[in-house]
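First up is the structure itself, then whatever we jot down about it.
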Amino acid sequence: VSRDRIDVTTDSATYPIVIAPGLSARLAAELDDAGIGARRVLVSSPTVWRFAGNTITAALPGTPLILVPDGECAKHTKTVGRIYDGLIDTQADRSTVVVAVGGGVIGDMAGFAAATWLRGLPVVHVPTTLLAQVDSAVGGKVGVNHPAGKNLIGAFHQPRYVAVDPLLLQTLPRREFRAGLYEVVKYGVAFDAALFATLQQHVSGIFRHDLDVLAPIIATSCRIKARVVMEDERERGPRRLLNFGHTAGHALEAITNYRRFRHGEAIAWGMLVAAEVSAARGALTSEARDALATLIRALGPLPPVADLDATIALEATRRDKKVVDGRLHYVIATGLGSSAVVGDVTEDELRAALIKTGLRG
Ligand SMILES: NC(=O)c1ccc[n+]([C@@H]2O[C@H](COP(=O)([O-])OP(=O)(O)OC[C@H]3O[C@@H](n4cnc5c(N)ncnc54)[C@H](O)[C@@H]3O)[C@@H](O)[C@H]2O)c1
Ligand SMILES: [Zn+2]
Numbered sequence: 447v448s449r450d451r452i453d454v455t456t457d458s459a460t461y462p463i464v465i466a467p468g469l470s471a472r473l474a475a476e477l478d479d480a481g482i483g484a485r486r487v488l489v490s491s492p493t494v495w496r497f498a499g500n501t502i503t504a505a506l507p508g509t510p511l512i513l514v515p516d517g518e519c520a521k522h523t524k525t526v527g528r529i530y531d532g533l534i535d536t537q538a539d540r541s542t543v544v545v546a547v548g549g550g551v552i553g554d555m556a557g558f559a560a561a562t563w564l565r566g567l568p569v570v571h572v573p574t575t576l577l578a579q580v581d582s583a584v585g586g587k588v589g590v591n592h593p594a595g596k597n598l599i600g601a602f603h604q605p606r607y608v609a610v611d612p613l614l615l616q617t618l619p620r621r622e623f624r625a626g627l628y629e630v631v632k633y634g635v636a637f638d639a640a641l642f643a644t645l646q647q648h649v650s651g652i653f654r655h656d657l658d659v660l661a662p663i664i665a666t667s668c669r670i671k672a673r674v675v676m677e678d679e680r681e682r683g684p685r686r687l688l689n690f691g692h693t694a695g696h697a698l699e700a701i702t703n704y705r706r707f708r709h710g711e712a713i714a715w716g717m718l719v720a721a722e723v724s725a726a727r728g729a730l731t732s733e734a735r736d737a738l739a740t741l742i743r744a745l746g747p748l749p750p751v752a753d754l755d756a757t758i759a760l761e762a763t764r765r766d767k768k769v770v771d772g773r774l775h776y777v778i779a780t781g782l783g784s785s786a787v788v789g790d791v792t793e794d795e796l797r798a799a800l801i802k803t804g805l806r807g
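With this note's numbering applied, the sequence shown corresponds to residues 447 to 807, in that order.
Below, the structure is given as structure tokens:
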């Protein structure tokens, strides 16, 4: 079986990301070997626990368990409060390691609870969605939503260890799996031509969960995110390239009240918009733009955008966090595997690209 290890060094910490099928079943030995905490507490959700609970319980027998709901609508301070209550009940102290088992919502909430409880407990991530394995479990961002907006409450809290087990994805609903794949496409387009080509060549292997295909794709994605995070822990420079597809994507999520699209699906549309902007500027060839559209279609279907208004989407981009001093930092593709941040994309350009992608003019 394959085993990949990426060592992430940031200003604040060094930690390994280990990617190996079956890893979650060997968690105790892995954590013991890494010298991580004799005292542990698990945080997960009832849904995740239904699928992964047996494996994790067998791997970490006798470890206290805190179950809280997941899904975007549970990602708020009240749920974090329930994690704090659980930490009290299990008599967690400064040496207790929080082991988060779940998707991005559990990882972000448990990570935030760990970051703030007693001014910081160590956290281990065991991501169980593709999105969490390739994205949210790497980089140290943790937090929750506020009624006024997504992820407004948060912190940077680097994990001590990230255990990525691709076998855990076998129970993931198809749609969740695809939503994560679009973020992998993002890594390909923005950073890595070979990854993009691998995705093009192995669509059926990916959906068969062929581990010889899937595990290296996950490892490559983690490596890219880790590299970018290492260069730029606090999102001042290169980390912005991770936002490829996210300007229009976030707008689509916002104007549909976060109900129509899984995040990755909105990003898929957002990447198509960004490819149009890039092509219109002559930064990307029309062949490359079409290749991206073909790949996204092959991984599809996506919820529709034809009934959405380009002007309303445009207004939503003005409220985006990527607007700094009134200027939108927009990520364009300069090839299938390279990207750049530009500060001069006009609203007219964006509107034209939104309409070309299929929104109403
Ligand atoms: N911290 C970061 O850097 C970062 C980066 C990207 C996204 N995020 C956050 O991640 C969140 C989205 O994460 P997500 O897409 O994983 O959503 P999620 O955590 O809500 O999981 C999606 C669904 O899949 C279920 N599930 C999880 N694992 C499963 C499994 N193995 N088998 C069957 N079902 C399973 C969950 O119960 C849930 O219903 C968002 O809140 C987003 O803000 C954070
Ligand atoms: Zn994203």
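We treat Cβ as the ideally placed atom computed from N, Cα and C, and that holds for glycine.
Shortest gap from the CB of residue 468 to any heavy atom of ligand 2: 8 Å or more. When the five nearest sequence neighbours on each side are left out, the beta carbons in the same chain lying within less than 8 Å of the beta carbon of residue 494 are those of 516, 547, 548, 549, 552, 574, in order along the chain. Per the C-alpha coordinates, the member of 730, 609, 519 positioned closest to residue 462 is 609.
For residue 534, the number of other beta carbons within 10 angstroms of its own is below 16, and it is reported as exposed. Three or more beta-carbon pairs separated by less than 8 Å link the region 717–730 to the region 775–783, which places the two stretches in contact. Cα atoms of residue 602 and residue 585: separation of roughly 8 Å, rounded to the nearest angstrom. Between residue 629 and residue 716, the CB-CB gap reaches or exceeds 9 Å.
Listed in chain order, the non-local C-beta contacts of residue 622 below 6 Å within the same chain comprise 575, local neighbours out to five positions each way being set aside. When DSSP states are grouped into helix, strand and coil, residue 482 belongs to the coil group. Exclusion of the five residues before and after residue 688 leaves 632, 636, 671, 674 as the residues of its chain whose Cβ lies within less than 8 Å of its Cβ. Residue 488 and residue 465 do not touch by the CB rule: their CB atoms are close to 21 Å apart, not below 8 Å.
In this structure, the alpha-carbon of residue 526 lies about 26 Å from that of residue 456. Between residue 642 and residue 651, the gap from beta carbon to beta carbon reaches 9 Å or more.
When the Cα atoms are used, residue 726 and residue 593 turn out to be separated by approximately 37 Å. For residue 807, there is no enclosing alpha helix (DSSP H), as DSSP gives it neither H nor E. Put simply, the residues with a CB less than 6 Å from any heavy atom of ligand 2 are 629, 692, 709, 713, in chain order. Taking a 10 Å sphere around the C-beta of residue 531, we find fewer than 16 other C-beta atoms and assign the residue as exposed. The region 785–792 makes no contact with the region 736–755; the number of CB pairs closer than 8 Å stays below 3. A distance criterion of 8 Å places the beta-carbon of residue 619 in contact range of ligand 1, judged by its closest non-hydrogen atom. The secondary-structure analysis by DSSP pairs residue 548 across a beta bridge with 573. For residue 453, the enclosing beta strand (DSSP E) begins and ends at 450–455.
Within the same chain, 674, 677, 678 come within 7 Å of residue 684 by CB-CB distance, once the 5 residues on both sides are set aside.
Under the DSSP assignment, residue 607 falls in the beta strand (DSSP E) whose first and last residues are 607–610. Taking each of 703, 747, 773 in turn and checking the Cα distance to residue 518, the smallest one comes out for 703.
In this structure residue 731 is exposed. Its beta-carbon is surrounded by fewer than 16 other beta-carbon atoms within 10 angstroms. Every unbroken stretch of the alpha helix (DSSP H) spanning 4 or more residues and falling wholly within the region 718–798 is given here in chain order: 732–745, 756–764. A distance below 6 Å between beta-carbons, with the five flanking residues on each side excluded, links residue 744 to the following residues of its chain, in chain order: 649. In this structure, ligand 1 has a non-hydrogen atom nearer than 8 Å to the beta-carbon of residue 596.
Where residue 662 is concerned, the enclosing alpha helix (DSSP H) starts and stops at 657–677. Non-local beta-carbon contacts of residue 751 in its own chain, meaning distances under 8 Å to residues more than five positions away in sequence, involve 698, 715, 803, 804, 805 in chain order. DSSP places residue 526 within a helical segment (H, G or I) once states are collapsed to three. When DSSP states are grouped into helix, strand and coil, residue 500 belongs to the helix group. When the alpha-carbon of residue 787 is set against those of 733, 756, 690, 807, the nearest one is in 690. In the three-state DSSP reduction, residue 601 falls in the strand class (E or B).
Residue burial annotation: residue 605 is buried, with at least 16 other C-beta atoms found within 10 angstroms of its C-beta.
Taken through DSSP and simplified to helix, strand or coil, residue 709 comes out as helix.
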